[in-house]
Each structure stands twice: as structure tokens, then as C-alpha cells.
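S.K.:
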Amino acid sequence: AQTVTQSQPEMSVQEAETVTLSCTYDTSESNYYLFWYKQPPSRQMILVIRQEAYKQQNATENRFSVNFQKAAKSFSLKISDSQLGDTAMYFCAFMKPPIPGLTFGEGTQLTVNP
Amino acid sequence: KAGVTQTPRYLIKTRGQQVTLSCSPISGHRSVSWYQQTPGQGLQFLFEYFSETQRNKGNFPGRFSGRQFSNSRSEMNVSTLELGDSALYLCASSLEGSGGLDTQYFGPGTRLTVL
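Shown next, in the form of C-alpha cells:
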């Protein structure tokens, strides 16, 4: 079975600074998807970024980037120039069809301070 | 394109009652998945529907059921509600779901409170 672990329950960062959220996963599969979702106080789950395991290049979306280390089964999220609106719970998630659904980590509560 | 919509946003029920939640996927998406989110258990997969058929189901009792209509809209039903069913229920849509490596887009959720 796949497992996803986020070892940082809470983190905080000052506005405009950079923060990195950690995620490790366990799988014997070779091709899969990894995701970071954010869930702000509104509870809407929003896709931040995704990474296909077969791609060596790390995914980037504006201020968000990942450090994907396939051999180490590590998938960290870096947020640059943090903004107050980045305050949210961040979930790391794994997908490998035909295994159904996303497997989520426990989440990291990120607070951006002014 | 409009996003995933869920109705109602909030529900309060009493133990023993049943409840039906609705989800409308993004236009063109044929897969709808349901998740339960609780503080204790986190996010757990309930089931997935694709082309009006339940394709997968998570580890939940038979009180949890669902269906999908020809327009891909989906409903989930919980019968004989228990206090532990209080949760945020999230619906997610994707093009192919577990039929391929695909991105799921979530709705705003339905907050169910069982008294």
C-alpha cells in the first residue's frame, strides 16, 4: 500500500520569505503522479502543483516549485516570496492508477506572518 | 470553465436519518470521486464513479453509497447516520479518474454535522 508522510504539522514564515514543506512517500511503483494541494480556511481544496514521476525536471508554477527526489521518495514544496494568502493547510498526495483515489498525507499548516 | 460544485454547502442532521449530497463535475469530466475529511482520520477515499458505474470503493460501510447520472453529476447517500459521520465531504472530478494518470479538481465541500 502507498503511504504519504508529512513530518511537519505546522510551519510559519515571514511575508516575502521562502519556505519549504517536506513530503515523503512509500511505493514500489515506477510511474505515478504526486501533487501538492492547499486548503485555506474556506476549506476549498486547490491544486498547487503536480509532478509526473517519469519526468526528471522539477515542476514549477510561478512562486511554487518542487524538489522531486525519486530515489529518496521525497517530494518537497518550495514557496518563494510568501504572501499572506498562502496561509493554508498544505497536503501532499500520491496517485497511481488503477489504485483508486488520491492518497493524502496528514497535512502541514502553514502560516504566513506580516 | 466552471469549477466543481457541491450542494448543499452545510447540513445538520440527527442520528438515524439519511442524507444525500450532490456534486456537479467540471464540464467534460467523466470521473467523480468522493472523499471524507475528518480531524482524526484525515482525507479518506470513499468511492469513484465513471460513466455511471462505480469503479472503485474505499473502506467504508455499506451505509455509504452513491450514483452517477448520464450528465456525470453524482450523488452520495449516507443512511442511518452516526455521530462519526460528521465530516467535510469533498467531491473531485477528473477526465479519466483511475483509468489514467489524471489530475483531480475539488469542489468546495459539504459540511455535514450529525447531532
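Respectively, the protein sequence lines represent chains A and B.
Counted from 1, the first sequence has number -3 at position 4 by the numbering used here; the numbering is strictly sequential.
In the numbering used here, each residue's number is its place in the second sequence (first place is 1) plus 4.
We put the CB at the ideal spot given by N, CA and C, even for glycine.
Less than 7 Å between the C-beta atoms of LEU25 (chain B) and GLN40 (chain B), yes or no?
M.R.: Cβ distance not < 7 Å, so LEU25 (chain B) and GLN40 (chain B) don't count as in contact.
S.K.: Whole angstroms are fine: how far does the CA of TYR93 (chain B) sit from the CA of TRP38 (chain B)?
M.R.: 7 Å
S.K.: Let me know the beta strand (DSSP E) ranges lying completely inside the segment 22 to 96 of chain B, each 3 residues or longer, listed in chain order.
M.R.: 23 to 28, 35 to 42, 46 to 54, 57 to 61, 68 to 72 and 78 to 82
S.K.: From the DSSP output, which residues share a beta bridge with ASP19 (chain A)?
M.R.: A:THR(-4)
S.K.: Check this for me: beta carbons of THR11 (chain B) and GLY111 (chain B), under 7 Å apart or not?
M.R.: No. Outside cutoff.
S.K.: Can you name the start and end residues of the beta strand (DSSP E) that SER108 (chain A) belongs to?
M.R.: Residue 108 (chain A) is absent from the structure shown; chain A starts at -6 and stops at 107.
S.K.: Going along chain A, which residues have a C-beta under 7 Å from LEU94 (chain B)?
M.R.: MET38
S.K.: Measure how close the beta-carbons of PRO2 (chain A) and THR80 (chain A) come, nearest whole angstrom, since I'm counting them as under 8 Å.
M.R.: Not quite, the Cβ-Cβ distance comes to about 15 Å (not below 8 Å), so this is no contact.
S.K.: Which of the residues in the segment 22 to 35 of chain A, read from start to end, lie with their CB under 8 Å from any CB of chain B?
M.R.: ASN24, TYR25, TYR26, PHE28, TYR30 and SER35
S.K.: To the nearest whole angstrom, what separates the beta carbons of THR114 (chain B) and LEU15 (chain B), a pair I think is in contact under 8 Å?
M.R.: About 6 Å separates the two Cβ atoms, so the contact holds.
S.K.: Using the Cα positions of ASN106 (chain A) and PRO91 (chain A), report the straight-line distance between them to the nearest angstrom.
M.R.: 41 Å
S.K.: Taking the alpha-carbon of LEU103 (chain A) as reference, which of A:LYS71, A:PRO93 and A:THR96 has the nearest alpha-carbon?
M.R.: A:LYS71
S.K.: Classify THR96 (chain A) as buried or exposed, calling it buried when 16 or more other Cβ atoms lie within 10 Å of its own Cβ.
M.R.: Residue environment for THR96 (chain A): buried (at least 16 other C-beta atoms within 10 angstroms of its C-beta).
S.K.: Under 7 Å, Cβ to Cβ, is there at least one residue of chain B near GLU181 (chain A)?
M.R.: Residue 181 (chain A) lies beyond the stretch modelled for chain A, which goes from -6 to 107, so this question has no answer here.
S.K.: Decide yes or no for the touch test of the segment 34 to 47 of chain A against the segment -6 to 12 of chain A: beta carbon pairs closer than 8 Å, at least 3 of them.
M.R.: no
S.K.: Closest to VAL59 (chain A) by CA distance: which of A:ASP74, A:SER75, A:VAL41 and A:GLN76 is it?
M.R.: Considering only alpha carbons, the answer is A:VAL41.
S.K.: Let me check one thing: in DSSP terms, what residues is SER98 (chain B) bridge-paired to?
M.R.: Paired residues: B:SER35.
S.K.: How would you call PHE73 (chain B), buried or exposed, if buried means at least 16 neighbouring beta carbons within 10 angstroms?
M.R.: exposed
S.K.: Give me the chain A residues within the contact set of GLY46 (chain B), using Cβ-Cβ distance strictly less than 9 Å, ordered along the chain.
M.R.: PHE84, PHE97, GLY98, GLU99 and GLY100
S.K.: Measure the beta-carbon distance from LEU105 (chain B) to TYR26 (chain A) and round it to whole angstroms, keeping in mind my assumption that it falls under 8 Å.
M.R.: Contact holds; Cβ gap of about 5 Å.
S.K.: DSSP three-state call for LEU105 (chain B): helix, strand or coil?
M.R.: coil
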